[in-house]
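**Q** I'd like to ask you about the structure that follows.
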Amino acid sequence: MKKIIVSVINDLVTDQRVHKVCTYLHDTGFDVLLIGRKLPDSPEMDERPYKSKRMKLLFKKGPAFYAEYNIRLFLFLLIHKSNILLSNDLDTLLPNFLIHKIRKTPIVYDSHEYFTETPELVNRPFVQSVWKRIEKTIFPKLENIFTVNDSIAGLFEKDYGIRPLVVRNIPPIRKRDQNLSREQYKLPENKTILILQGAGINIQRGAEELVQAMQYLENCLLLIIGSGDVLGILKDMVQELKLQEKVAFIPRQKPEKLFQYTCLADIGFSIDKDTNLNYRFSLPNKLFDYVHAGVAVITTPLPEIKRIVDEYQIGCFIQNHKPEHIASVVQNLLDHPQILNTYKENCIKAAQSLHWETEKKQLDKIYLKLL
4 MKKIIVSVIN DLVTDQRVHK VCTYLHDTGF DVLLIGRKLP DSPEMDERPY
54 KSKRMKLLFK KGPAFYAEYN IRLFLFLLIH KSNILLSNDL DTLLPNFLIH
104 KIRKTPIVYD SHEYFTETPE LVNRPFVQSV WKRIEKTIFP KLENIFTVND
154 SIAGLFEKDY GIRPLVVRNI PPIRKRDQNL SREQYKLPEN KTILILQGAG
204 INIQRGAEEL VQAMQYLENC LLLIIGSGDV LGILKDMVQE LKLQEKVAFI
254 PRQKPEKLFQ YTCLADIGFS IDKDTNLNYR FSLPNKLFDY VHAGVAVITT
304 PLPEIKRIVD EYQIGCFIQN HKPEHIASVV QNLLDHPQIL NTYKENCIKA
354 AQSLHWETEK KQLDKIYLKL L
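To convert, take the position in the sequence shown, counting from 1, and add 3; that gives my numbering.
Structure follows, in structure tokens:
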């Protein structure tokens with residue numbers, strides 16, 4: 004079996020895209036080793052069909068963290084031989100590329116976002132310039148590249164004249180548990196459940212305004228499930244606005260349990276702001292999680308998201324991020340239950356075509372050749 008080392012900078016537990024790709028590689032006939040990091044609060048890994056290793060680092064964030072991770076990853080790849088390298092995102096690309104040059108090992112690059120235009124970088128021009136220099140130096144030399152949607156593929160093509168293959172971050176086919184009940188998860192039976200989920204509940208993603216919107220809604224409970232930079236701010240906001248009965252925080256969950264929570268909701272939110280290219284052209288995994296759970300969606304009309312929502316008629320849009328407006332869009336759906344139910348039914352229909360079993364066939368175009 005050909006050995007492939009897959010590297011990513013997170014703690015592996017909730018990265019659904021990387022797990023799906025690693026499972027595909029294992030099923031295709033590769034010997035897979037997935038490398039990431041382990042944080043003090045990282046959950047334990049579930050049993051998986053492929054091997055994994057999580058490195059404990061001294062630094063948790065900032066330049067020292069990225070430098071330590073990249074040096075550690077380079078040394079690991081130098082010591083452990085493989086037939087193929089798979090780098091996930093720009094923050095793992097440099098050590099993979101160096102080993103590729105030293106050993107002539109084939110390399111595959113999977114860009115999960117338009118990394119150099121993330122909000123964490125756009126306001127830090129020096130740091131942004133460092134990452135752009137790395138990308139500009141390496142990207143044109145790559146042959147096997149994936150990304151998550153057509154818009155980001157178009158941006159890379161404009162920048163470097165290379166159009167990556169597109170593999171959207173779509174869940175596998177899932178069967179909803181017909182016996183699932185809100186009582187099992189201690190959720191109220193008599194309230195409308197709203198949900199915002201994700202591993203990146205960060206700035207400029209509309210979370211603050213969504214919490215503020217709960218002031219204007221009655222008989223609703225907002226579940227915020229996951230992790231991110233603004234969770235502390237959101238919790239303070241809930242205290243200040245006395246919204247403890249309307250907003251509940253749930254730590255990030257493993258994908259299977261997260262899906263159970265999602266299935267119990269009525270409306271799911273994906274309301275990133277159009278403040279940077281990375282958000283403008285994003286296609287969040289949570290959108291497809293809502294679809295598979297049969298949950299109507301309220302989103303911002305960003306191009307990739309709007310294309311899915313319009314094609315499958317699974318929800319509606321906000322036109323701005325004023326809390327009063329967000330609340331009015333929610334209330335309008337609640338005042339027209341037949342429309343809400345139609346969106347839910349359309350989600351179930353959409354899930355029959357929007358699933359990983361179809362999407363993963365794009366991976367064959369590169370990996371079967373390498374195998």
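Virtual Cβ for every residue (Gly too), placed ideally from N, Cα, C. Everything numeric in this text was worked out from a predicted model, so none of it was measured.
Let's test the definition: count the other Cβ atoms within 10 Å of the Cβ of Phe284 and tell me whether it reaches 16, buried, or not, exposed.
**A** Phe284 should be labelled buried.
**Q** Less than 8 angstroms between the CB atoms is what I'm expecting for Ile311 and Leu280, so what's the real figure, rounded?
**A** Actually they are not in contact, since the Cβ atoms of Ile311 and Leu280 sit about 19 angstroms apart, beyond 8 angstroms.
**Q** So, are the CB atoms of Leu383 and Ile38 less than 9 angstroms apart?
**A** Nothing can be reported for residue 383, as the shown portion of the chain is limited to 4 through 374.
**Q** Taking 9 angstroms as the cut-off, decide whether the C-beta atoms of Tyr346 and Ala299 are in contact.
**A** Closer than 9 angstroms, so yes.
**Q** Give the straight-line distance between the Cα atoms of Asp277 and Leu80, rounded to the nearest whole angstrom.
**A** The alpha-carbon atoms of Asp277 and Leu80 are separated by roughly 38 angstroms.
**Q** Thr108 by DSSP, collapsed to three states: which one?
**A** Looking at Thr108 - three-state DSSP - the assignment turns out to be coil, as it is neither helix nor strand.
**Q** Which whole-angstrom value is the C-beta distance of Leu42 and Asp14, which I expect to be below 8 angstroms?
**A** About 5 angstroms; that satisfies the 8 angstroms criterion.
**Q** Return the CA-CA distance between His29 and Lys54, expressed in angstroms with no decimal places.
**A** C-alpha separation (whole angstroms): 10 angstroms.
**Q** Restricting to Cα atoms, I'd like to know which of Glu243, Pro306, Arg136 and Leu183 is closest to Phe262.
**A** Checking every option, the nearest Cα to that of Phe262 belongs to Leu183.
**Q** Which residues in the same chain have their Cβ closer than 7 angstroms to the Cβ of Lys368, if we skip the five residues on either side of it in sequence?
**A** Around Lys368: Leu168.
**Q** Would Met217 be called buried (16 or more neighbouring beta carbons within 10 Å of its own) or exposed?
**A** Its Cβ being crowded by 16 or more others within 10 Å, Met217 is buried.
**Q** Can the beta-carbon of Leu224 be found less than 9 angstroms from the beta-carbon of Leu244?
**A** Cβ distance not < 9 angstroms, so Leu224 and Leu244 don't count as in contact.
**Q** Put Ile102 into one of helix, strand or coil per three-state DSSP.
**A** Helix at Ile102.
**Q** In terms of alpha-carbon separation, which member of His358, Ile102 and Pro254 lies closest to Leu199?
**A** Leu199 has its Cα closest to that of Pro254, out of His358, Ile102 and Pro254.
**Q** Since Thr150 is in the beta strand (DSSP E), which residue starts that stretch and which ends it?
**A** Thr150 -> beta strand (DSSP E) spans Asn147 to Thr150.
**Q** Among Thr361, Asp338, Leu305 and Gln181, whose alpha-carbon lies nearest the alpha-carbon of Asn323?
**A** Closest by alpha carbon: Leu305.
**Q** In whole angstroms, give me the CA-to-CA distance for Ile274 and Glu314.
**A** So the alpha carbons of these two residues sit roughly 18 angstroms apart.
**Q** Please state the DSSP three-state secondary structure of Val333.
**A** Correct three-state label for Val333: helix.
**Q** Which of the three DSSP states, helix, strand or coil, is assigned to Gln200?
**A** Reduced to three states, the DSSP call for Gln200 is strand.
**Q** Under 9 angstroms between the Cβ atoms of Ile87 and Val111?
**A** Result yes, Cβ atoms of Ile87 and Val111 sit closer than 9 angstroms.
**Q** Between the beta-carbon of Thr303 and the beta-carbon of Gly318, is there less than 9 angstroms?
**A** It is not a contact, given that the beta carbons lie outside the stated cut-off.
**Q** Could you please give the first and the last residue of the uninterrupted alpha helix (DSSP H) stretch that includes Arg136?
**A** Counting along the chain, the alpha helix (DSSP H) containing Arg136 begins and ends at Pro128 to Ile141.
**Q** Assuming Arg40 and Leu61 form a contact by the criterion Cβ under 8 angstroms, report the distance between their Cβ atoms to the nearest whole angstrom.
**A** Going by Cβ atoms, the distance from Arg40 to Leu61 rounds to 11 angstroms, so no, they are not a contact pair.
**Q** By how many angstroms is the C-alpha of Arg185 removed from the C-alpha of Gln256?
**A** Whole-angstrom Cα-Cα distance: 17 angstroms.
**Q** Tell me where the beta strand (DSSP E) around Gly157 begins and ends.
**A** No beta strand (DSSP E) holds Gly157; the alpha helix (DSSP H) holding it covers Asp153 to Tyr163.
**Q** For Leu373 and Arg106, I'd like the C-alpha separation in whole angstroms.
**A** Their backbone Cα atoms lie some 16 angstroms apart in a straight line.
**Q** With C-beta atoms as the reference, is Arg136 less than 9 angstroms away from Ala354?
**A** Cβ atoms of Arg136 and Ala354: not closer than 9 angstroms.
**Q** Between which two residues does the alpha helix (DSSP H) harbouring Phe79 extend?
**A** Gly65 to Ile82 is the span of the alpha helix (DSSP H), which, as asked, contains Phe79.
**Q** Around the C-beta of Gly65, are 16 or more other C-beta atoms found within 10 angstroms, so that it is buried, or is it exposed?
**A** So Gly65 counts as exposed.
**Q** Where DSSP assigns a beta bridge to Met58, which residues make up the other side?
**A** Arg40, per the DSSP bridge assignment.
**Q** Do Ile228 and Phe252 count as a contact pair if the criterion is CB distance below 9 angstroms?
**A** Yes, Cβ-Cβ distance for Phe252 and Ile228 is below 9 angstroms.
**Q** Taking only the alpha-carbon atoms, compute the straight-line gap between Asp269 and Val130 and give it to the nearest angstrom.
**A** Going by the C-alpha atoms only, they are around 41 angstroms apart.
**Q** Considering Lys260, what are the terminal residues of the beta strand (DSSP E) in which it resides?
**A** Here Lys260 belongs to no beta strand (DSSP E); instead the alpha helix (DSSP H) covers Pro258 to Cys266.
**Q** Roughly how many angstroms lie between the CA atoms of Glu1 and Tyr219, to the nearest whole one?
**A** The requested residue 1 does not occur in the structure, where the chain is confined to residues 4 to 374.
**Q** Does the beta-carbon distance from Val170 to Leu89 come in below 9 angstroms?
**A** Not in contact: Val170 and Leu89 (Cβ atoms no closer than 9 angstroms).
**Q** According to DSSP, is Thr195 helix, strand or coil?
**A** It is a strand residue.
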